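Worksheet for the structure shown next.
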Amino acid sequence: MRYEFRTPRRLLSSLVIDPRTLREDPEAVRASQRARGEDEGVVDKLLGLDSRRRSAIAAADKLRAEQKSLGKLIPKASGEEKAGLLATAKDLSAQVKTAEAEQNESSEEFEQLFRTLPNLVHPSSPIGGEDDFSVLKHVGEPTKLGFTPRDHLELMEGLGAVDMERGAKVSGSRFYFLTGVGAQLQLGLLNMAIAQALENGFVPMITPSLVRPEIMAGTGFLGAHSAEVYRMRDDDMYLVGTSEVPLAGYHADEILDLNDGAKRYAGWSSCYRREAGSYGKDTRGIIRVHQFDKVEMFVYTRPEDAEAEHERLLGWEEQMLAKIEVPYRVIDTATGDLGTSAHRKFDCEAWIPTQETYRELTSTSNCTTFQARRLSVRYRDENGKPQIAATLNGTLATTRWIVAILENHQLEDGSVRVPEALRPFVGGREVLTPIGR
RNA sequence: GGAAGCGUGGCAGAGCGGCCGAAUGCACUCGCCUUGAAAGCGAGCGUGGGGCAACCCACCGGGGGUUCAAAUCCCUCCGCUUCCGCCA
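Residue numbers for the first sequence, in my numbering: 4 to 440.
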C-alpha cells in the first residue's frame, strides 16, 4: 500500500466525532477544563465555531448537489439550450467556490482551536497542581543504609560507569557517556525490560527517533510542552522524547483488528528532551539529561477496556520495579500535572537515599481516544463499524533507574550489590566494585 | 545529489475530461447446494459527514490550478521503485 500520512481532510473528519460529544455534553468539557486550571471559555467559543462550520458545510453541500445535477444536462443539450445551461452553470460554479471557501475557513478555524483542547480528566484524578497528587500506596520502606550514602554520581564515577566531563566536552551540559559497567548496566536493565515485556505478550519494537510534525502533534507533544521537544529545522522533523510517539504513529490512519485483544508494543529508543526551563534543577548526574534510553510499553485498545488496561500497565511497571528491589510509592497525578493527552496518570517514584525523597521512575498514562483521534487510529466494533481506539503508555525502564539501583544497593565502600533479577543481564555480576581496587 | 517511472477500495488491477465512488479478479460476509467440506450458484462487501428516513455531500497520495464539469489535464509537495553518482 502506498502510504502518505499528510491527510488533513481525513484528520479533520476524524476530529468531527469529538465535536459531537462537545455538543452533547459541553458541561463535561467545562468541568474538565476547570479541573485542569484551563480556560473554560473555549467551550462556548468552540460551540459557536462548530455551528458556523456545520451550516457552512450544509450550504456548500446543497450548492454542490445543484451543480452536479445541472452538469448532467450539459453534454446532452445543444445549441441555444446548451449556451443557456453553460451560463447558469458558470454562475453556480462561482457560488460553489465561495461556499467552499467559507466551509474551509470555518472548519480550519474550528479545528485549530479544537486541537488546543486537552483530554478530559478522569473524575478521580486529584484536582490541583504538581504537588497535589494523591499517594495510592507505598511499597517497601525507605532504605536505611547505616552510613553516609554516596549519591549516584559519586558511585558511578567510582565504578567507572559514567564520564560527565567528556559528555559536556562533546555535547554540552546534561550530556554524558555511560562507560564500562555503566553501559553494561543500562543494556542489562533494558534487556531485562524487554524480556519481561515479551513474557507479557508485548511485541518488542525498535523505533525511529525522528518523526514528522503530524505524528508529534497527534501525540499531543506540540501543545503546551512544545518547548521540550528538539526540532530539526532544515528537515521539519522532531526528535522524539519517548518511543510513545513513533508507536502511536505506527498505526496512524489505520483501522485495526482488535478482536483478538489489545495490541501491545514495547518500544526501545533513545529519548531526547530539551529540558528547557529546568535550569538549576537536577544538574548533578544523570537524573535529568537531554538524552537517555528507555523501554516503553504502548497499547492500542478499545476505549471501554482502557481503564482496566491502565491498571495492568501499572502492574507491569511494579513487576519490573520489584526486580530492582527498591522502595517506591505510586501516585495518582493531579489534574494540573497531566500532559495534554492524558486522561489519568500514575507515576511510580523510587526512594532516592541521598535526596531523601521519591523520584519518578515510571509514568503510565491513559490517553483514551485523544491520540487515536488525532492520528486517526480506529478499530471495528461488533457491528463492523469503525470506532476511535484508545491508547495507553507506560515506562518499563529508563537510564534514570540506574540512579535508584545504585543508591539503594550501595555498600559502605562504594561498591554496589546487583539485584538478583538483574544479574543474568549483566554477565552474572553480583557486586560492582570501584575501579582501581 | 542527477535521471526516469509510479501512487486508484483489504489486496491485485482497469479507467486517463461528463454515462466513475469507480470495471474485473482475489479475499471477506450471508444464503443456496452438500452427510460435512471444497467447487459451483445468488446477494452483499471502502471511509468520513449530514438526515427520522428515502436519500444527499465529500474522498482515486497531500495541497493548489485550468474547466460549466477532474481519478483523468497543469503546478507543487510527500512517498515508493529503478538507474547513475556519492558515502558507508
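Even glycine gets a Cβ: it sits at the ideal position worked out from N, Cα and C. Remember, predicted model here, so these are calculated numbers, not experimental data.
Proximal residues to residue i (C-beta, below 7 Å), its chain only, five neighbours per side dropped
| i | result |
| --- | --- |
| H313 | R347, T367, N369 and L395 |
| R5 | Model confidence at R5 stands at a pLDDT of 26, short of 50, so the residue's coordinates are unreliable; what they give is reported in the following sentence. Closer than 7 Å at Cβ, skipping near neighbours: no residue. |
| R67 | V99 |
| R37 | E43 |
| T182 | G163, A164, V165 and D166 |
| E352 | Y331, R332, I334, Y361, R362, E363 and L364 |
Sheet register partners of residue i (DSSP bridge)
| i | result |
| --- | --- |
| F301 | Y268 and N396 |
| I240 | Reading the sequence as shown, one finds Met at residue 240 and not Ile. Partner(s): M235. |
| T401 | K297 |
| V165 | L181 |
| A353 | Y331 and R362 |
| H141 | R332 |
| E307 | In DSSP, E307 forms no bridge with anything. |
| R381 | I258 and I391 |
| S109 | Paired residue(s): none; S109 is not in a bridge. |
| Q413 | V419 |
Distance between residue j and residue i (C-alpha atoms, nearest Å)
| i | j | result |
| --- | --- | --- |
| P11 | N107 | With a pLDDT of 35 at P11, under the threshold of 50, the modelled position of this residue cannot be trusted; read the value that follows with caution. The straight-line gap from Cα to Cα measures roughly 11 Å. |
| L14 | R376 | Below a pLDDT of 50, predicted positions are generally treated as unreliable, and L14, at 41, falls in that range; no measurement from the model is reported. |
| Q199 | M240 | 32 Å |
| T357 | C274 | 26 Å |
| G397 | E105 | 43 Å |
| F113 | D256 | 21 Å |
| L341 | A227 | 11 Å |
| R267 | V302 | 5 Å |
| S58 | K65 | 11 Å |
| S229 | S137 | 27 Å |
| L425 | L324 | 11 Å |
| L261 | L250 | 16 Å |
| I218 | Y253 | 9 Å |
| H155 | L409 | 6 Å |
| G244 | G264 | 28 Å |
| R432 | E328 | 16 Å |
| G223 | L120 | 10 Å |
| E1 | D384 | This structure cannot settle anything about residue 1, because the visible part of the chain is limited to 4 through 440. |
| A62 | A102 | 7 Å |
| L414 | W319 | 29 Å |
| S379 | V298 | 25 Å |
| L50 | S109 | 12 Å |
| K388 | Y382 | 8 Å |
As assigned by DSSP and simplified to three states, the class of residue i
| i | result |
| --- | --- |
| I209 | strand |
| F136 | coil |
| R469 | Outside the shown range of the chain, which is 4 to 440, sits residue 469, and nothing can be said about it. |
| N369 | strand |
| Y282 | coil |
| P422 | coil |
| R347 | strand |
| P152 | coil |
| S96 | helix |
| E314 | helix |
| I258 | strand |
| L435 | strand |
| S58 | helix |
| V214 | strand |
| S273 | strand |
| P427 | helix |
| F224 | coil |
| R291 | coil |
| N194 | helix |
| L250 | helix |
| L341 | coil |
| S72 | helix |
| S81 | coil |
| S128 | coil |
| P121 | coil |
| K65 | helix |
| L229 | According to the sequence shown, residue 229 is Ser rather than Leu. Three-state result, S229: helix. |
Own chain partners of residue i with C-beta closer than 6 Å, once the 5 adjacent residues on each side are dropped
| i | result |
| --- | --- |
| D308 | none |
| V142 | Y331 |
| I77 | L88 |
| E7 | Any answer about E7 is weak, because its pLDDT of 33 lies below 50 and its placement is not dependable; what the coordinates show is given next. Within the same chain, E7 has no close Cβ partners at all. |
Contact set for residue i: own chain, Cβ-Cβ below 8 Å, skip 5 residues either direction
| i | result |
| --- | --- |
| T91 | L73 |
| R277 | A230, E231, V232, Y233 and H293 |
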